[in-house]
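Asks: If you're matching positions, the sequence shown starts at 467 in our numbering and goes up one per residue. This is the structure I want to talk about, given as structure tokens.
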Amino acid sequence: MGEPDSGSWGDGPAMRTTGIDSMREALEQAWASRERQMGGLEGIQNRALRLFYGPGEVSPSDPLSAWAIDGYGSTLWVTEWEGGKLSAAMSDLQQATEHVYRPRGYSGAVVLRRPRQGVPEKPQMLWGSEPAEAFTVVEGTGAQAMTFEIRLLSSRHPGLFLDHQPLRHWLAHSGLLQGKKVLNTFAYTGSLSVASWKGGARSVTTLDLSRPIIRWAECNAEWNQIPRDATRFIVGDFFDQIPRLVKKGESFDLVISDPPSFSRGLKRTFSTQKDLLDLHELLLSVLRPGGLLVTSINSANVSWEKYEREVHQAAARVGRPLNPIQKIEQPLSFPSHPANPKSRYLKGFIFSS
Ligand SMILES: C[S@@+](CC[C@H](N)C(=O)[O-])C[C@H]1O[C@@H](n2cnc3c(N)ncnc32)[C@H](O)[C@@H]1O
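What follows is the structure in structure tokens.
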């Protein structure tokens, strides 16, 4: 999954640093609201959760709107969306986060600065002790508990998108995946593949453009003891690989799609602004009649209406009408702010065909 295309940090008066006290207060409030929503946060240091989501939690004029704080195990992962503009606020943020989270069992914080465009900087320690290069967190409980490998200092992203927790829960618990053959495209580290397996899938194929990312997905499959003969990993471009699968006569009971807003593949570029029709036509070409389609995007600038319309247009083109089962939305730990429409960026649908 992803994040808003940009933060809401402007030049001028809004550049003033928020006082440490008001930062602490905002972080305390966010903690308290999650505690209420989840009925307590015991054991959170073995889990992963967005602890503070600036764009949705404070007004766009507040400097904290450019920050997000996640807990991965006992380390915080702090994201800043403006790429180094906030050096002054950084020392305040260091003090505020240490004050709020150290007593709650967090032992260090890693910060990642993301420029408006281009590649994020290398993650750096903000305070405390360095986490292991790779460690695991658990999501869910009982037989459906999922284990995910997290890498904070050696990667530009920890490896687990926290905004897709509700979708992972649905896949693991809906009861609709029993014995199903699943294809997870734009799969990243395969968290939705793991969730599908936990939901009773018979086999899961995991497809992503990046070889190192697919290696990471293989680690996640191993952590969750998915038998080798029930998993398949494909490194390749969605737009090459789907026609290849169709040519081989393959089809799936559940197809999952979660592309980035923009990608440069091997032969073509893709954007959710202009390519949703092509994308969904291809997805439907590998979906068995009667199968399920899970489609999600991370694009604040594509409306729900345009998204839904283009999915139905693609379905009409291939003569495979779709019936909505439910919407995919951000979890409560990613609230949206009425003055910042970009804070509600995640959209998605589950359809039956
Ligand atoms: C938003 S992430 C997917 C997150 C994933 N669904 C999850 O919940 O963990 C998008 C992924 O799409 C992959 N990707 C981008 N362009 C691609 C393409 N043309 N073909 C296949 N994968 C692509 C990227 O490597 C990245 O891992």
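Cβ coordinates follow ideal geometry from the N, Cα and C atoms, glycine included. Note that the structure is a prediction, hence the values are computed from the model and not measured.
Take the Cβ of residue 495 as the centre, count every other Cβ of all protein chains shown within 10 Å, and call the residue buried at 16 or more, exposed below.
Replies: exposed
Asks: With a threshold of 16 other CB atoms inside 10 Å of the CB of residue 504, please say whether the residue is buried or exposed.
Replies: Within a 10 Å sphere around the beta-carbon of residue 504 sit fewer than 16 other beta-carbons, which makes this residue exposed.
Asks: Let me confirm a value: residue 618 is counted as buried when at least 16 other C-beta atoms fall within 10 Å, else exposed. Which label applies?
Replies: buried
Asks: Quick one: complete beta strand (DSSP E) runs, 3+ long, within the stretch 475-530?
Replies: Scanning the stretch 475-530 from its first residue to its last, the whole beta strand (DSSP E) runs of 3-plus residues come out as 514-519.
Asks: Within the continuous beta strand (DSSP E) that includes residue 575, where are the two ends?
Replies: Counted as a single uninterrupted DSSP element, the beta strand (DSSP E) harbouring residue 575 occupies residues 574-579.
Asks: Spatial neighbours of residue 633 within its chain, please: CB distance less than 6 Å, with the 5 preceding and 5 following residues excluded, ordered by chain position.
Replies: 794
Asks: Between residue 578 and residue 513, how many whole angstroms is the CB-CB distance? I'm expecting something under 8 Å.
Replies: That pair is no contact at about 20 Å.
Asks: Counting only runs of 3+ residues fully inside the stretch 678-705, write out the beta strand (DSSP E) ranges in chain order.
Replies: 697-701
Asks: Please work out which residues of its chain come closer than 6 Å, Cβ to Cβ, to residue 694, disregarding the five sequence neighbours upstream and downstream, and give them in chain order.
Replies: none
Asks: Excluding five sequence neighbours on each side, which residues of the same chain lie with their C-beta closer than 7 Å to the C-beta of residue 734?
Replies: 705
Asks: Is the closest heavy atom of ligand 1 to the C-beta of residue 704 under 8 Å?
Replies: For residue 704, the CB falls within less than 8 Å of some heavy atom of ligand 1.
Asks: Quick one: residues in its chain with C-beta nearer than 6 Å to the C-beta of residue 816, no 5 flanking neighbours on either side, listed in chain order?
Replies: 760, 791 and 792
Asks: Does DSSP put residue 566 in a helix, a strand or coil?
Replies: helix
Asks: Taking only the alpha-carbon atoms, compute the straight-line gap between residue 742 and residue 638 and give it to the nearest angstrom.
Replies: 27 Å
Asks: Say the cut is 8 Å; is the CB of residue 695 nearer than that to a heavy atom of ligand 1?
Replies: no
Asks: Out of curiosity, what's the CA-to-CA distance linking residue 813 and residue 629?
Replies: Computed Cα separation, rounded: 11 Å.
Asks: Kindly list the residues whose CB is nearer than 6 Å to the CB of residue 717, restricted to its own chain and excluding five residues on each side of it in sequence; keep chain order.
Replies: 752 and 754
Asks: Quick one: what's residue 746 bridged to in DSSP?
Replies: When DSSP reads this structure, residue 746 sits in no beta bridge, so it has no partner.
Asks: Note down, in chain order, each residue of its chain lying with its Cβ closer than 6 Å to the Cβ of residue 605, except the 5 sequence neighbours on either side.
Replies: 612
Asks: Taking 8 Å as the line, does the beta carbon of residue 690 fall inside it for any heavy atom of ligand 2?
Replies: Only ligand 1 can be found as ligands here, which leaves ligand 2 out of the picture.
Asks: Quick check: what's the CA-CA separation for residue 678 versus residue 519?
Replies: 28 Å
Asks: Tell me the DSSP secondary structure of residue 712 in three-state form.
Replies: helix
Asks: Put residue 783 into one of helix, strand or coil per three-state DSSP.
Replies: helix
Asks: Tell me, to the nearest whole angstrom, how far the beta carbon of residue 692 is from that of residue 663; I am working on the premise that it is less than 8 Å.
Replies: A Cβ-Cβ distance of about 5 Å is found for the pair residue 692 and residue 663, placing them in contact under the 8 Å criterion.
Asks: What separation, rounded to the nearest whole angstrom, lies between the Cα atoms of residue 688 and residue 724?
Replies: 22 Å
Asks: Whose CA, out of 652, 625, 659 and 647, lies closest to the CA of residue 635?
Replies: 659
Asks: Pull up the distance between the alpha-carbon of residue 597 and that of residue 641, whole angstroms please.
Replies: 36 Å
Asks: Could you check where the beta strand (DSSP E) with residue 647 kicks off and where it finishes?
Replies: 647-651
Asks: Candidates 620, 507, 582 and 487: which alpha carbon is nearest residue 557's?
Replies: 487
Asks: Report the residue from 740, 647 and 680 whose alpha carbon sits nearest the alpha carbon of residue 665.
Replies: 647
Asks: Roughly how many angstroms separate the alpha carbons of residue 781 and residue 668, rounded to a whole number?
Replies: Computed Cα separation, rounded: 26 Å.
Asks: Do the CB positions of residue 708 and residue 671 come within less than 9 Å of each other?
Replies: no
Asks: Tell me whether residue 767 counts as near ligand 1, meaning its Cβ is closer than 8 Å to at least one heavy atom of that ligand.
Replies: Because no heavy atom of ligand 1 lies under 8 Å away, the Cβ of residue 767 does not count as near it: no.
Asks: For residue 770, count the other beta carbons within 10 Å of its own beta carbon; 16 or more makes it buried, fewer makes it exposed. Which is it?
Replies: exposed
Asks: Can you tell me which of 702, 569 and 786 puts its alpha carbon nearest to the alpha carbon of residue 732?
Replies: When only C-alpha atoms are compared, the closest one is 702.
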